[in-house]
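Numbering (our numbering), first residue to last: 1 to 285.
Backbone N, C-alpha and C define an ideal beta-carbon position, used for all residues, glycine too.
A quick write-up on the structure given underneath.
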Amino acid sequence: MDFRLHSAKSADHALEIAAGLKEGWRYVAGGTDLVIQLRRGVRKSDDLIDLSSIASMRGIKEDESGFQLGALCTHKDIELHEGLSAAYPALLAAARVVGGHQIRNVGTVGGNLANASPAADVAVALLALDALIDVKGRSGARVVEIDELFVSSSKTTLAPGELIERVRLPRLTGETHSAFLKVGRRKAMEISVVSAAICLAFGANGVCEKARIALGAVGPRPLRAKAAERLLEGAKIDAELIARVAAQARAECTPRSDPRASAAYRSQVVEGLVKRGISQCVRIS
1 MDFRLHSAKS
11 ADHALEIAAG
21 LKEGWRYVAG
31 GTDLVIQLRR
41 GVRKSDDLID
51 LSSIASMRGI
61 KEDESGFQLG
71 ALCTHKDIEL
81 HEGLSAAYPA
91 LLAAARVVGG
101 HQIRNVGTVG
111 GNLANASPAA
121 DVAVALLALD
131 ALIDVKGRSG
141 ARVVEIDELF
151 VSSSKTTLAP
161 GELIERVRLP
171 RLTGETHSAF
181 LKVGRRKAME
191 ISVVSAAICL
201 AFGANGVCEK
211 ARIALGAVGP
221 RPLRAKAAER
231 LLEGAKIDAE
241 LIARVAAQAR
251 AECTPRSDPR
261 ASAAYRSQVV
271 EGLVKRGISQ
281 CVRIS
């Protein structure tokens with residue numbers, strides 16, 4: 001596992017370094033996924049650009065529009081930020097079950113997104129929360145809706161050389177509640193067999209005005225069950241509707257069997273998780 005490590009002092013410096021390297025280089029920050037992939041030979045790279053010293057990509061900020069998470073924000077940072085965890089319970093729940101303490105201390109939000117694993121817990125939570133991704137490249141900056149970021153396993157819509165600078169979460173208004181649940185062979189410290197994040201906004205009359213159902217490890221990318229969401233929007237939620245929505249969410253999945261679980265098991269589990277997630281949000285409201 002031989003490579004050259006280049007330390008970037010700013011986002012622009014990282015882009016400048018990248019422009020001068022041959023094809024095959026990689027950005028790295030926490031390195032929790034990339035280092036394992038390099039050791040196993042899944043990925044090969046002669047050059048790594050270290051982003052960990054870029055101060056502007058660290059920290060969590062709040063303003064009237066919501067919260068901004070620097071791409072170098074760790075899962076532990078999310079756990080410890082009271083305002084963020086109170087506003088977005090689904091994100092807190094997801095961050096708490098990403099690996100063990102060592103992984104959460106160094107693993108970053110930007111890396112979780114850029115790695116584009118279908119089973120990425122934080123990515124699934126951010127998908128349910130309509131996160132916006134600030135991206136920077138040699139041609140300038142742009143904003144990507146998180147639902148447009150993922151293509152398939154390990155593939156994103158990021159152009160060559162682009163990097164994630166920050167993640168923006170819109171401020172939730174009124175009666176909006178979220179939940180995250182996962183099933184793994186050992187729950188925490190285990191890649192999700194299935195995960196689900198739910199975010200529901202209710203009007204004064206108890207009607208669901210907006211619904212987001214994000215699912216992990218049941219397709220080639222983190223996905224939204226959009227037809228299931230539409231069943232909730234404009235309706236008062238009861239047990240019968242929850243059952244219909246969960247069945248619809250199951251129908252929108254395309255799980256595959258692997259050594260961790262069969263496709264049939266994943267389909268069964270996702271229906272149960274969606275039921276539980278919606279029920280949690282309804283009880284809170």
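{"Asked": "Considering only C-alpha positions, which residue in the set HIS13, ILE103 and VAL183 is nearest to ASP77?", "Found": "ILE103"}
{"Asked": "Is GLY83 helix, strand or coil by DSSP?", "Found": "helix"}
{"Asked": "Based on Cα-Cα distance, which residue from GLY66, PRO220 and ILE278 lies nearest to PRO255?", "Found": "PRO220"}
{"Asked": "Between CYS253 and SER117, what straight-line distance do the alpha-carbon atoms span, to the nearest angstrom?", "Found": "16 Å"}
{"Asked": "Going by C-alpha distance, which of GLY110, SER154 and ALA243 is nearest ILE133?", "Found": "GLY110"}
{"Asked": "For the ligand PLP, is there any heavy atom lying closer than 7 Å to the beta carbon of LYS182?", "Found": "Summarising the ligand content, the structure contains no ligands, and the ligand PLP is consequently not present."}
{"Asked": "Do you know how far the Cα of GLY234 is from the Cα of ALA188?", "Found": "Reliability fails at ALA188, whose pLDDT of 47 lies under 50, so the model's placement of it is uncertain and no value is given."}
{"Asked": "Quick one: what's got a C-beta closer than 6 Å to ARG250's C-beta in the same chain, skipping five residues either side?", "Found": "SER267, VAL270 and GLU271"}
{"Asked": "Rounded to whole angstroms, what is the Cα-Cα separation between VAL42 and LEU158?", "Found": "Unreliable positioning characterises VAL42 in this predicted model, as indicated by a pLDDT of 46, which lies under 50. A coordinate reading is not provided."}
{"Asked": "What are the start and end residues of the alpha helix (DSSP H) that includes ARG26?", "Found": "Element bounds for ARG26: not the alpha helix (DSSP H) but the beta strand (DSSP E), 26-28."}
{"Asked": "Ordered along the chain, which non-local residues of its own chain (more than five positions away) have a Cβ less than 6 Å from that of ALA123?", "Found": "ASN112, LEU113 and PRO222"}
{"Asked": "In three-state terms, what does DSSP make of ALA188?", "Found": "Note on ALA188: pLDDT 47, under 50, position unreliable in the model; no value is reported."}
{"Asked": "Taking DSSP as the reference, what is the three-state secondary structure of ALA120?", "Found": "coil"}
{"Asked": "Find the nearest neighbour of SER65 within the set LEU91, VAL194, ILE17 and THR173, judged by alpha-carbon distance.", "Found": "THR173"}
{"Asked": "According to DSSP, simplified to helix, strand and coil, what is SER267?", "Found": "helix"}
{"Asked": "Let me know the secondary structure DSSP gives LYS275 once reduced to three states.", "Found": "helix"}
{"Asked": "Alpha carbon to alpha carbon, how far is ALA201 from THR176? Give it in angstroms, no decimals.", "Found": "4 Å"}
{"Asked": "State the CB to CB distance for the pair ILE286 and ALA119, rounded to an integer number of angstroms; the pair is presumed to be in contact (CB under 8 Å).", "Found": "Residue 286 is absent from the model: the chain starts at 1 and stops at 285."}
{"Asked": "Pull the bridge partners of CYS208 from the DSSP assignment, please.", "Found": "PHE202"}
{"Asked": "Quick check: ARG138 and ALA19, are their CB atoms within less than 8 Å of each other?", "Found": "yes"}
{"Asked": "What does a CB cutoff of less than 6 Å around HIS81 pick up in its chain, not counting 5 residues either side in sequence?", "Found": "ILE60"}
{"Asked": "Could you give the DSSP three-state label for SER139: helix, strand or coil?", "Found": "coil"}
{"Asked": "Identify which residue in ALA141, SER52, ILE278 and ALA217 has its Cα closest to the Cα of ARG244.", "Found": "ILE278"}
{"Asked": "Quick one: grab the DSSP three-state call for ARG283.", "Found": "helix"}
{"Asked": "Exposed or buried, which one is ALA4 when buried takes at least 16 other CB atoms within 10 Å?", "Found": "In the sequence as presented, Ala is not what sits at residue 4; that position holds Arg. Under this definition ARG4 is an exposed residue."}
{"Asked": "Would LYS22 be called buried (16 or more neighbouring beta carbons within 10 Å of its own) or exposed?", "Found": "exposed"}
{"Asked": "Could you tell me which residues DSSP pairs with VAL183 in its beta bridges?", "Found": "VAL194"}
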